[in-house]
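Line by line, the protein sequences are chains A and B. Going left to right, the first sequence walks through residues 2 to 110 as this note's numbering numbers them. Going left to right, the second sequence walks through residues 15 to 493 as this note's numbering numbers them.
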Amino acid sequence: MSSGLLFALGGLGIVVIGGWALVLRAHLIRKVLAINIMGSGAFLILVGAGSMGGGDVDPVPQAMVITGIVVAISATALALALVLRIANATGKPALPEDRERDLMDEEGM
Amino acid sequence: MLEQFAQAPWMLWAIALPLSGALLAFALPRRAAPIGVVTALLTAAAAFGVLLQVALGGARVYRLGGWGAPLGIDLLADGLSVLMLAMTAIVGTAVSIYARVYLVTSPEKVRRFWPLWLFLWAALNALFQSSDVFNLYVTLELLGLSAVALVALTGSGPALWGAMRYLLVSLLGSLAYLLGVALLYHAYGTLDLALLGARAEGGLSLAVPLGAMIAGLLLKTGLFPFHVWLPPAHGSARAPVSALLSGLVVKASFYLLLRLWFTFTPEGQGLPILLGSLGAAAVFWGSIQALRQKRLKLLVAYSTVAQLGYLFIAFPLAGLDPALAWGGSIYLALSHALAKGAMFLAAGSIMTQGGHDEIDELDRVVDRMPLTLAAFALAGISLAGLPPSGGFVGKWMLLQAAMAQGEWFWAAVMIVGGVLTATYVFRVLGFAFTKSPHVHEAHDVPRTMEWTALLLALGAVLLGFVAPWALPLLDGVLP
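The structure is reproduced here in structure tokens:
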């Protein structure tokens, strides 16, 4: 197994882990983190798949990942600002369907 | 001089103008509104410049920095792009003029609205002219982020929740799309759509990335059952923002879906039938939910869920005469943008006048705001697909495609959907003609707001007459 394939498979695993948390966790900061983790997984797939051919490393996936990271930072900034506004306006950093859940005690789930 | 004007890089201006206008409006917050309106008019002019160039001279390519694909970024404007650019320009101009008056009471919101809306416009114009899959990803994200921020502008708890859910869904959709891009690049070594179309072979190396991209785009378009985020976001935003989201933003991801579909023309009947069935389910579910809503803006938002469903009925009907089915779907998308934009603007005027948007409590709107009610009714006519509106042309083409193939099920879905649409529109009109049991304090609504909604709704109806000029633009774009 080439290291590129290993990175790509690892990236896929990270995407799945992030997706899992995005659906199950109620705390909005955790959801934002989950999206970020998924994004990192996608970037790992991009870079891993780009270096699978052997020989010289293809620079295009690297350029795409850098652009992707910029996009991810902007998205995270907007998401965190929104979480803050939600917590201030409604008293709890959660979506309405999750408001009854205990946001701090999520370790065991 | 005239020659220079005709050959000017309008494709570039259509993106650069709103982008610089947005930055300027952000840097000079006190002058945001005049900067915004001037930029809007200039951007619309640039979009029509591209439309004329393509209508007279055929599809155009602009190589950014002179690099050229595959290394550089190419902009491509063909018939489908320019129709979308023109749709954005018409709805965008109307919303800009409306918002100039609508937002005047809250200076705080004026400062934030204009930069975000101009960024959104730049993202839309860039998306409609991008010809490589990664550039499309970037425009898709810029579009999603500015749209979410616009929803959050309202500031109330429910609007913030709506914005947050919209953001999570939007990011998830983009990630799925990005994964598809990564796999496509790995398999075929290029990002350019045309090159990908030429190199792509069937099989798993195409099916997996395409599946991920389509799933992401369906999520962003809000096709049933991925629509749950849509009504809270579109319904709780400010009226001009709702008009932009329902009219334009969901069309962008649908446009991208069509582009991918036309480039790769997936084989087999399973996926088209699945998409068509989800569309049919959206028509019924959205219409029934619209009928049950108590608030006017939520009714209009659920109507969007239903009308988006129609666009997907073209997928299973494209086999025999692709031009007829796709043309119908694209024409429906265009006329829905104008009609739904007008409907949300009219709803905004009604809300400003009565201070609420409870449908049962509408108090003789017909006497107080005949222009606004006319706008709502005309938009409803186009949505229900009555002649001579643009909605009629689109639905008629889809119906013809269905009947030519003896596909009576799809024809029945469209007809029943039309009846349901007429029912929820008339439900609103009925309450607008009668006195409400309770007295509400009435506020004056500026005439500009009433007229922009009416003109936009008239545009949706008149769109039916320009079909003979608009539809030939699609020759050569459709598979």
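For glycine and all other residues, C-beta sits at the position ideal for the given N, C-alpha and C.
Secondary structure, alpha helix (DSSP H): runs of 4+ residues fully inside the stretch 299-378 of chain B: 310-326, 328-331 and 336-368, all fully within the stretch 299-378 of chain B.
Through-space distance from K123/B to A166/B, alpha-carbon basis: Taking the first residue of the second sequence as position 1, residue 166/B is located at position 152. Taking the first residue of the second sequence as position 1, residue 123/B is located at position 109. One C-alpha to the other measures close to 11 Å.
Alpha carbon of A360/B to alpha carbon of H457/B, nearest angstrom: Counted from its first residue, the second sequence places residue 360/B at position 346. Counted from its first residue, the second sequence places residue 457/B at position 443. If I take the Cα positions, the gap works out to 15 Å.
Where the alpha helix (DSSP H) containing L89/B begins and where it ends: On the second sequence, residue 89/B is found 75 positions in, with the first residue counted as 1. Where L89/B is concerned, there is no enclosing alpha helix (DSSP H), although the beta strand (DSSP E) around it starts and stops at D88 to A91.
Per-residue contacts from Y202/B into chain A (C-beta, under 7 Å): As a position in the second sequence, residue 202/B is number 188, starting the count at 1. For a Cβ distance threshold of 7 Å, nothing in chain A lies close to Y202/B: the least Cβ distance comes to about 12 Å.
DSSP-derived helix/strand/coil call for R74/B: Indexing the second sequence from 1 puts residue 74/B at position 60. Here R74/B sits in strand by DSSP.
Beta-bridge pairing of D146/B - partner residues as DSSP gives them: For the purposes of this step, residue 146/B is taken as the residue at position 132 of the second sequence. Residue pairing by DSSP places D146/B opposite D206/B in a beta bridge.
CA-to-CA distance, A22/A to G109/A, given in whole angstroms: Mapped onto the first sequence, residue 109/A falls at position 108. Mapped onto the first sequence, residue 22/A falls at position 21. In this predicted model, G109/A has a pLDDT of only 42, less than 50, meaning its place in the structure is not dependable; the value taken from the coordinates is given anyway. C-alpha separation (whole angstroms): 13 Å.
Nearest candidate by alpha-carbon position, reference L85/B, set P60/A, V16/A, L7/A and A76/A: Start at 1 with the first residue of the second sequence, and residue 85/B comes out as number 71. P60/A is the residue among P60/A, V16/A, L7/A and A76/A whose C-alpha sits nearest the C-alpha of L85/B.
P286/B (DSSP reduced to helix, strand or coil): Counting from one through the second sequence, the residue named residue 286/B turns up at place 272. Note: P286/B maps to helix in three-state DSSP.
Under 8 Å between C-beta atoms of F390/B and M357/B: By one-based count along the second sequence, residue 390/B stands at place 376. By one-based count along the second sequence, residue 357/B stands at place 343. For F390/B and M357/B, yes; Cβs fall inside 8 Å.
Interfacial residues, the stretch 25-54 of chain A to chain B, with Cβ spacing under 8 Å: The residues in question are L29, K32, I36, M39, G40, A43, I46, L47, A50, G51 and M53.
C-beta neighbour in chain A for W175/B, strict 8 Å: The residue given as residue 175/B occupies position 161 in the second sequence. Closer than 8 Å: yes.
Cα-Cα separation between A73/B and G93/B, rounded to whole angstroms: What you label residue 73/B is simply residue 59 of the second sequence in a count that begins at 1. What you label residue 93/B is simply residue 79 of the second sequence in a count that begins at 1. Near 7 Å, if we compare the C-alpha coordinates of G93/B and A73/B.
Minimum C-alpha distance to L434/B - residue among A20/B, Q321/B and S403/B: For the purposes of this step, residue 434/B is identified with residue 420 of the second sequence, where counting begins at 1. With distances taken between Cα atoms, L434/B lies closest to Q321/B.
Close beta carbons around V459/B, own chain, < 8 Å, minus the five adjacent residues each side: Start at 1 with the first residue of the second sequence, and residue 459/B comes out as number 445. Setting aside the 5 residues that flank it on each side, V459/B is surrounded in the same chain by S363, T366, Q367, M383 and T386, each with a C-beta closer than 8 Å to its C-beta; the list follows chain order.
Endpoints, the alpha helix (DSSP H) within which L34/A is located: Walking along the first sequence from the start, residue 34/A turns up at place 33. Per DSSP, L34/A belongs to the alpha helix (DSSP H) from L29 to G51.
Candidates V314/B, E281/B and A304/B, of which the one nearest F329/B by Cα: Here residue 329/B refers to the residue found at position 315 of the second sequence. Of the listed residues, the one whose Cα sits closest to F329/B is E281/B.
Three-state secondary structure assigned by DSSP to Q21/B: Numbered from its first residue, the second sequence carries residue 21/B at position 7. Correct three-state label for Q21/B: helix.
Contact list for F148/B against chain A, beta-carbon separation under 7 Å: Position 134 of the second sequence holds residue 148/B. Within chain A, the residues whose beta carbon sits less than 7 Å from that of F148/B are M65, listed in sequence order.
Spatial neighbours of A58/B in its chain, beta-carbon cut-off 6 Å, leaving aside the 5 residues before and after: Sequence index remark: in the second sequence, residue 58/B carries index 44 (1-based). Correct list, in chain order: A103 and T107.
Cutoff 8 Å: Y345/B Cβ touching any chain A Cβ: On the second sequence, position 331 is the one that residue 345/B refers to. So, not an interface residue.
Outcome for T448/B when other beta-carbon atoms lying within 10 angstroms are tallied against a minimum of 16: Sequence index remark: in the second sequence, residue 448/B carries index 434 (1-based). The residue in question, T448/B, is exposed, as its Cβ has fewer than 16 Cβ neighbours within 10 Å.
Cβ shell of L156/B (< 6 Å), same chain only, five flanking positions each side left out: Walking along the second sequence from the start, residue 156/B turns up at place 142. A137.
Cβ-Cβ distance between W131/B and L258/B below 8 Å: If you number the second sequence from 1, residue 131/B lands on position 117. If you number the second sequence from 1, residue 258/B lands on position 244. Yes.
Distance between L352/B and I15/A (C-alpha atoms, nearest Å): Looking up residue 15/A in the first sequence gives position 14. Looking up residue 352/B in the second sequence gives position 338. Roughly 42 Å between the two C-alpha positions.
DSSP state of L65/A mapped onto helix, strand, coil: The sequence position of residue 65/A within the first sequence is 64, counting from 1. Here the sequence assigns Met to residue 65/A, which means Leu is not the residue at that position. Residue state, collapsed to three classes: helix.
Contact under 8 Å by Cβ, L197/B with A50/A: Within the second sequence, residue 197/B is the residue found at index 183, counting from 1. Within the first sequence, residue 50/A is the residue found at index 49, counting from 1. In this structure, the beta-carbon distance from L197/B to A50/A falls below 8 Å.
Amino acids of chain B, ordered along the chain, whose beta-carbon sits closer than 9 Å to that of S75/A: As a working note, residue 75/A is residue 74 in the first sequence. In chain order: E155, L156 and L159.
Min CB distance V17/A to chain B below 8 Å: Within the first sequence, the letter at position 16 stands for residue 17/A. Not one chain B Cβ lies under 8 Å of V17/A.
Contact with chain A by R252/B, beta-carbon distance below 8 Å: Working through the second sequence from its first residue, we reach residue 252/B at position 238. No - not a single Cβ of chain A is within 8 Å of the one on R252/B.
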